[in-house]
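Peer 1:
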Amino acid sequence: MATKHYLIFDFGASGGRATVAAFDGSRVQMDVTYRFDNGPVTAAGTLYWDILRLASELKLGLQASLRKYPDIVSMAIDTWGCDFGFIDRNGKLLGNPVTYRDKPRHERSAELYQIIPRRELFQLCAGSTIEIMGLYQLFSFKCDQAPEMREGSRMLMIPDLLNYLLTGRPCSEYTDATMALVCDQNARGWEKRILRRLGIPETILGELVMPGELIGPIQQQVCEELAIRPIPVVAPATHDTASAVTGIPVVDGARHWAFISTGTWSIAGVETARPIVTDACFQSGYGNNAIADGRNMVVNYITGLWIIQQCRRKWMADAGGDIPWGQIVRASESSGPASAFIDVDDPAFSLPQADMPAVIVEACRKRGQRLDPSMGAVARCVYESLVLKYRANLETLEKLTGRKLDLLHLVGGGIQNQTLCQWTADAMGIPVIAGPTETTSVGNLLMQLKCTGEISSLEQGREISLRSSEVIRYEPKAREVWDQAFGKYRGGK
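Printed below as a string of structure tokens:
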């Protein structure tokens with residue numbers, strides 16, 4: 033078949049890109065056509081996303097991609113999860129979306145649990161009841177009598193909002209909707225009882241669409257503004273982790289595999305046919321989120337590379353210049369095995385910090401451990417603590433599913449750190465398949481291929497991913513060293 037081109041937008045919390053995928057019927061090649069930065073903006077004490085700038089970057093990415101590939105068949109957008117914006121009854125934007133890292137937006141969780149106990153909330157929505165999820169921000173809006181709660185307003189998750197600005201259709205894609213904790217994941221629809229009990233208007237919820245469905249063409253006014261044609265916009269799994277899992281090049285479907293998405297957040301999980309809604313799942317802090325093809329992922333959200341990113345920012349400020357990631361990794365390797373560990377899920381590590389290395393050193397001191405404040409020692413502490421947290425999570429997943437895991441897929445930006453990948457294999461004692469780096473983009477593409485009739489199943493799509501991907505296999509070694517470290521990590525000393 034003739035090569036066809038598809039446009040993929042990946043919006044991350046720190047940056048984004050437009051990528052054109054060339055599909056020849058068997059394999060895919062990716063070409064990044066546009067990149068841009070992203071980050072929260074503080075205004076009047078609130079941490080916002082600059083949605084209008086993101087919309088502008090979307091338009092610039094469209095123009096750049098079409099200049100190079102005028103025959104683009106369709107496009108799709110995925111973003112980070114949890115956050116949302118509102119449009120009013122007239123379809124106008126209601127302010128800037130607030131970021132999940134805005135602390136006041138999840139300080140009312142205790143009040144929420146007085147109305148719906150946390151265990152019951154988990155039973156209703158099956159999702160991870162952690163305070164970054166959309167429901168907690170919604171409840172804070174309600175408590176503050178925010179204008180977003182007025183009659184006629186419509187809540188749209190970030191990718192849905194961007195799709196709306198392009199197409200004019202205010203619909204909600206299902207995988208990201210599950211990140212708001214307002215879905216019944218067994219029925220695959222809205223769970224309006226949650227909103228009713230919290231006093232949040234049900235009318236904020238609109239039409240649900242599933243991955244692989246057509247949203248519609250780019251509306252005429254946008255086409256005229258950009259001097260482009262009305263490209264069809266498809267709903268992928270708009271939650272970027274769901275797209276990443278969709279795009280995993282499963283090397284052996286018969287094996288019991290798990291995945292870890294390594295980025296600002298590290299998300300550890302397994303793919304299942306249905307949500308797991310058990311006491312053990314709830315007590316372990318796990319939850320369910322939808323992925324493509326009607327499937328489910330049982331996951332835990334771990335504070336990930338955000339910690340070392342915050343450290344790097346401080347080190348560069350002190351140095352007065354750039355410090356490449358390779359330099360940090362080499363320093364961590366040279367420092368020797370970690371003598372101190374942190375719990376990466378301590379809330380202090382998920383918040384912006386002016387001096388994250390000092391926060392880490394102090395956290396170790398409180399645990400009765402001494403950590404050298406040098407860059408190498410702090411980086412080694414962060415990386416090893418993260419790897420040991422991965423191991424603890426995979427052991428929990430084995431208990432929840434009753435399956436012994438024998439393969440781990442690593443995806444996301446963190447796989448560029450080959451030392452981290454090898455340490456992960458060593459600590460787990462199982463092979464690790466890392467890659468490709470663009471797994472999220474591949475997953476996005478697969479749902480476009482499904483929408484346009486090029487594939488009919490996720491298995492077929494993953495075969496394309498496998499044929500097209502460059503992956504690295506890491507075999508475990510030095511398990512005894514990591515067993516000792518894990519014992520020390522769990523003991524907190």
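Take 33 as the starting number for the sequence shown in this note's numbering and just add one per residue.
Ideal placement from N, C-alpha and C gives every residue a C-beta, glycine not left out.
#1: In whole angstroms, what is the alpha-carbon distance linking tyrosine 318 and cysteine 413?
#2: In whole angstroms, give me the CA-to-CA distance for cysteine 203 and glycine 238.
#3: Which same chain residues, not among the five before or five after arginine 140, have their C-beta less than 8 Å away from its C-beta?
#4: List the residues that DSSP assigns as beta-bridge partners of phenylalanine 43.
#5: Using the C-alpha atoms, what's the distance from proline 405 back to asparagine 122?
#6: When you compare only the Cα positions, how much space is there between leucine 92 and serine 371?
#7: Who pairs with methionine 189 in a beta bridge, going by DSSP?
#8: In three-state DSSP terms, what is alanine 96?
#9: Could I get the ranges of all uninterrupted beta strand (DSSP E) runs contained in the segment 285 to 358, with 3 residues as the minimum, in chain order?
#10: At least one CB of chain B closer than 8 Å to the CB of serine 488: is that the case?
#11: Opposite valine 391 in the DSSP bridges: which residues?
#12: Excluding sequence positions up to five away, which residues of its chain have a Cβ less than 6 Å from the Cβ of threonine 304?
#13: Can you tell me the Cβ-Cβ gap for tyrosine 415 and serine 364, rounded? I've got them flagged as a contact below 8 Å.
#14: Kindly confirm or deny that the segment 109 to 120 and the segment 182 to 191 touch, where touching means at least three C-beta pairs closer than 8 Å.
#15: Put threonine 74 into one of helix, strand or coil per three-state DSSP.
#16: Within 10 Å of its beta-carbon, does leucine 429 have 16 or more other beta-carbons around it, so buried, or fewer, so exposed?
#17: Classify aspartate 404 as helix, strand or coil using the three-state DSSP reduction.
#18: Label serine 58 either buried or exposed according to how many other C-beta atoms from any shown protein chain fall within 10 Å of its C-beta, with 16 as the threshold for buried.
#19: So which of Thr199, Gly221, Glu507, Leu193 has the shortest CA-CA distance to tyrosine 206?
#20: I need the DSSP call for glycine 221, collapsed to helix, strand or coil.
#21: Tell me whether methionine 460 is buried or exposed, calling it buried when 16 or more other Cβ atoms sit within 10 Å of its Cβ.
#22: With DSSP as the reference, label phenylalanine 518 as helix, strand or coil.
#23: What residue does the alpha helix (DSSP H) around threonine 278 start on, and which one ends it?
#24: Return yes when the Cβ of proline 264 is within less than 8 Å of the Cβ of leucine 246, no when it is not.
#25: Determine the DSSP secondary structure at isoleucine 487, reduced to helix, strand or coil.
#26: Buried or exposed for asparagine 476, going by 16 or more other Cβ atoms inside 10 Å?
#27: So, do the segment 333 to 341 and the segment 375 to 382 have three or more beta carbon pairs nearer to each other than 8 Å?
#28: Do methionine 181 and alanine 212 have their CB atoms nearer than 8 Å?
#29: Which whole-angstrom value is the C-beta distance of alanine 457 and isoleucine 504, which I expect to be below 8 Å?
#30: What span of residues does the beta strand (DSSP E) with isoleucine 465 cover, start to end?
#31: Among the residues of its own chain, which have a CB less than 8 Å from the CB of alanine 411, if the five just before and after it don't count?
#32: Which one of Gly44, Gln251, Tyr521 has the shortest CA to CA distance from cysteine 396?
#33: With DSSP as the reference, label leucine 126 as helix, strand or coil.
Peer 2: Looking at the coordinates:
#1: Each residue's Cα considered, the two are about 25 Å apart.
#2: One Cα belongs to cysteine 203, the other to glycine 238, and the distance between them is close to 6 Å.
#3: Counting only Cβ-Cβ distances below 8 Å, and skipping sequence neighbours, we find Tyr168, Phe171, Ser172, Cys175.
#4: DSSP output for phenylalanine 43 lists Gly48, Thr111 as bridge partner(s).
#5: Rounded to whole angstroms, the separation of the alpha carbons of proline 405 and asparagine 122 is 55 Å.
#6: In a straight line, the C-alpha of leucine 92 is about 48 Å away from that of serine 371.
#7: Its beta-bridge partners are Phe116.
#8: Annotated three-state conformation of alanine 96 is helix, per DSSP.
#9: With a minimum length of 3 residues, the unbroken runs of beta strand (DSSP E) contained wholly in the segment 285 to 358 fall at 289 to 294, 297 to 304, 319 to 322, 328 to 335.
#10: Chain labels in this structure do not include chain B; a single protein chain is all it has.
#11: Paired residues: none, contrary to the question.
#12: Excluding sequence neighbours, threonine 304 sits near Asn328, Val330.
#13: So it is a contact: roughly 6 Å between Cβ atoms.
#14: Flag = yes, the segment 109 to 120 and the segment 182 to 191 touch.
#15: DSSP places threonine 74 within a strand segment (E or B) once states are collapsed to three.
#16: It is buried - the Cβ of leucine 429 has at least 16 other Cβ atoms within 10 Å.
#17: Coil.
#18: The residue is exposed, with fewer than 16 neighbouring Cβ atoms inside 10 Å.
#19: If we check each option's Cα against that of tyrosine 206, Gly221 comes out closest.
#20: Secondary structure of glycine 221 (DSSP, three-state): strand.
#21: Here methionine 460 is buried. Its C-beta has 16 or more other C-beta atoms within 10 Å.
#22: The answer is helix: DSSP assigns phenylalanine 518 an H, G or I state.
#23: Per DSSP, threonine 278 belongs to the alpha helix (DSSP H) from 272 to 278.
#24: Against a cut-off of 8 Å, the Cβ pair of proline 264 and leucine 246 comes out as a contact.
#25: DSSP places isoleucine 487 in the coil class of the three-state scheme, outside both helix and strand.
#26: Asparagine 476 sits buried, since 16 or more C-beta atoms from the chains shown fall within 10 Å of its C-beta.
#27: Yes, they touch.
#28: In terms of Cβ geometry, methionine 181 and alanine 212 do not form a close pair [threshold 8 Å].
#29: Contact flag wrong, Cβ pair sits at about 10 Å.
#30: First-last of the beta strand (DSSP E) with isoleucine 465: 464 to 466.
#31: Ile340, Cys343, Ile360, Val361, Ala363, Ser364, Ser367, listed in sequence order.
#32: Looking at the Cα atoms, Tyr521 is the closest of the given residues.
#33: Residue state, collapsed to three classes: coil.
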